[in-house]
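Under the working numbering, the first residue of the sequence shown is numbered 3, with each subsequent residue one higher.
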Amino acid sequence: MKTLHLRSHAKINLCLNITGKRKDGYHDLDMIVLPISLHDSLIVSKLATAKDNFVTVDDFSTGIVGHNLATLAIEALQKIYKFNQKFSVFIHKVIPIQAGLGGGSSNAAVTLKAINRLLKLQASDEQLMDIGKTIGSDIPFFIKNVPARCQGIGDIISPITVKNKYFVLIVKPEVGCPTREIYQIADTMELSICNVDKIIEALAIGDDETIADNISNALQAAAISAVPEIQTIIDLLKSYGLKIVQLTGSGSAVFAMSTNKKLLKNIFKKLEDRYHVELAKVLK
C-alpha cells in the first residue's frame, strides 16, 4: 500500500470549561466534543526517492504550509520510530480556519493514523494520542473521533452516548479567531461554567431542552469581545427558533444543533449569501 485517501472531520464543543492554567502555558479543560461530518480530504502517499516530506494545502488562506500541523505530525512519528521513508500529504480544505472547528488538529490526527497504517508501525490509538498531544491539544480527540468528554489539556478522552440523530448548521463570520489570542482575553475575564455531567446525561436520553438550557463555552465572551459579529449570529439563529446555539471552540464559528434537518436547511438558504455556512450531521 502506497497511498491512502482519508476524511479529516471537524468538531463542535457543546461544553467548554477552563478549570485551570498550567505552567507550560496550556489550560486544563473539561469539554464535551462531538465529531461532525464536515471534513477535509487527505491524500497521504509514500514518496519513492524524495529527501523531504511535502505537505500541500489547496487553500492559500491557511498560511505557511510548513507550519501545518500535518508536517509536525510526520516529524513527531519519525523522531520516535526512526524511519527514513518520506511522505506527501495533500489536503483539500473544506473546514474553515480560525473557526474553532479543529481542522488543523484533525489533519494532524489523520496524518498520524495514515502513516501508522502505511508503515505498519502497529502503534495503538493511545500511543498516537500521546504523540498527538505534544503537537496540539485537540489531536487526541480526533484520533478517537467519537462523541467524548475531553479533560486535562484535551488528552483524557472518555466516550459518551448520543441518542438522537443531530444535524448541525455552522455559521462563520468573515473574521476568524486566533486561538492563543482568545485564551489570553479569557484569562482576564470571569468565565462561564457548564454542567458537563448534566449535558452527558441529557445526550444519552435525548433531552434537548436540558441541553439547550445548560450548554456553555467559557471562551464565548472572549471571542465576542474580539469579533462582535459572533453575538449577532447567535441572536439571529435563536430568532429562527433554534435552541442549541453556541460558539464552538475559540471561534469564530457558531453552531446550531437540531434534530430538524429541514429547518436547518431553510436557515442555511437564508444565510448563505451573508456568511460561510455549512450543514453537517453529528457522527456517532
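For every residue, glycine included, the Cβ atom is placed at its ideal position computed from N, Cα and C.
Need the endpoints of the beta strand (DSSP E) that Asp42 sits in, please.
29-49
Taking 8 angstroms as the cut-off, does the segment 191-198 touch the segment 16-28 (at least 3 CB pairs, one atom from each stretch)?
In this structure the segment 16-28 lies against the segment 191-198, because at least three pairs of beta carbons, one per stretch, are closer than 8 angstroms.
Boundaries (first-last residue) of the alpha helix (DSSP H) holding Gly105:
That run of the alpha helix (DSSP H) goes 105-120.
The alpha helix (DSSP H) enclosing Phe89, as first and last residue numbers:
Per DSSP, Phe89 belongs to no alpha helix (DSSP H); it is in the beta strand (DSSP E), 88-94.
Excluding five sequence neighbours on each side, which residues of the same chain lie with their C-beta closer than 6 angstroms to the C-beta of Lys245?
Ala214
Roughly how far, in whole angstroms, is the beta-carbon of Val96 from the beta-carbon of Thr73, given that I think they are within contact range, below 8 angstroms?
Actually they are not in contact, since the Cβ atoms of Val96 and Thr73 sit about 20 angstroms apart, beyond 8 angstroms.
Touch check for the segment 25-45 and the segment 153-167: three-plus C-beta pairs under 8 angstroms?
yes
Indicate whether Leu221 and Ser254 have their beta-carbon atoms separated by less than 8 angstroms.
no
Neighbourhood of Lys135 by C-beta, 8 angstroms cutoff - its chain only, sequence neighbours within 5 removed:
Ile141, Pro142, Ile155, Gly156, Asp157
Beta-carbon contacts of Leu238 that lie in its chain and below 6 angstroms, excluding the five residues immediately before and after
So no residue of the chain qualifies.
Could you give the residue range of the alpha helix (DSSP H) that holds Lys4?
Per DSSP, Lys4 belongs to no alpha helix (DSSP H) and is neither H nor E.
For Arg119 and Thr5, what's the separation of their Cα atoms in angstroms?
10 angstroms
Taking just the CA atoms, how far does Met191 sit from Glu203?
29 angstroms
Which complete alpha helix (DSSP H) runs does the segment 171-210 hold, if anything under 4 residues is left out?
181-188, 198-207
Quick check: is the beta carbon of Asp61 nearer than 8 angstroms to any beta carbon in chain C?
Given the protein chain composition of this structure (a single chain), no chain C is represented.
Provide the residue span of the alpha helix (DSSP H) that contains Gly134, from first to last.
127-134
Can you say whether Thr113 is buried or exposed, counting buried as having 16 or more other CB atoms within 10 angstroms of its CB?
buried
Using 8 angstroms as the threshold, is the C-beta distance between Ser47 and Phe89 below it?
In this structure, Ser47 places its C-beta atom within 8 angstroms of the C-beta atom of Phe89.
Measuring CB to CB, does Pro37 end up less than 8 angstroms from Leu285?
In contact: Pro37 and Leu285 (Cβ atoms closer than 8 angstroms).
Could you tell me whether any non-hydrogen atom of the ligand NAD is closer than 7 angstroms to the CB of Lys48?
Ligands are entirely absent from the displayed structure, and the ligand NAD is therefore not among its contents.
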